[in-house]
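What follows is a short report on a single structure.
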Amino acid sequence: MDKDLYAVADFCLIPIGTASVSVAEEVAECQRILAKSGLKYKMHGYGTNLEGPWTQVSQAIHDCHAAVHATGAPRVATDIRIGTRIDRHIPPGEGNEGKVKRVEEILAKDNEANQH
0 MDKDLYAVAD FCLIPIGTAS VSVAEEVAEC QRILAKSGLK YKMHGYGTNL EGPWTQVSQA
60 IHDCHAAVHA TGAPRVATDI RIGTRIDRHI PPGEGNEGKV KRVEEILAKD NEANQH
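Residue numbers for the sequence shown follow numbering that gives the first Met the number 0, so the first one is 0 and each next one is one higher.
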């Protein structure tokens, strides 16, 4: 398969060995990197959704590691979940939102059924 797989990812970058128990500064630095990546991303309370071509998603996470190390974090650990699919086309930038929308549609049907 020559084409780069489209990846829908979620990752949580964890700086280790910093002077503070807060990781907000390091997370902000990673968000700055993602803003420059051109990829679709959305931060949430315990990580970031990220999507795009697999190689670009991987590079962006790598770049976040490098940037957080540059802030002085001696260690960085990252939990990553990546999904791909080839059974249907995922419009670029709609992978994560599409997953959420599908579940919301199911729940809306539940609500409609309960109101009748």
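Each residue gets a CB set at the ideal place from its N, CA and C atoms; glycine is no exception.
- Contact annotation: G46 and L38 have beta-carbon atoms that are not nearer than 8 Å.
- Under DSSP, no beta-bridge partner is assigned to A23.
- With respect to the 8 Å criterion, V56 and E25 are not classified as neighbours on the basis of their beta carbons.
- Non-local beta-carbon contacts of N113 in its own chain, meaning distances under 8 Å to residues more than five positions away in sequence, are absent.
- Secondary structure of D109 (DSSP, three-state): helix.
- Sequence-distant Cβ neighbours of V102 in its own chain, meaning closer than 7 Å and more than five residues away, do not exist here.
- In chain order, I15, G16 place their CB closer than 7 Å to the CB of R74, counting only its own chain and leaving out the 5 sequence neighbours on each side.
- In the structure shown, the three-state DSSP call for A34 is helix.
- Less than 8 Å separates the beta-carbon of T54 from that of D3.
- Scanning C11, A18, L12 for the CA closest to the CA of G71 turns up A18.
- Each of K100, L12, H88 was checked against the Cα of H43, and the nearest Cα belongs to L12.
- Contact between V7 and N95 holds, with the beta-carbon distance rounding to 6 Å and staying under 8 Å.
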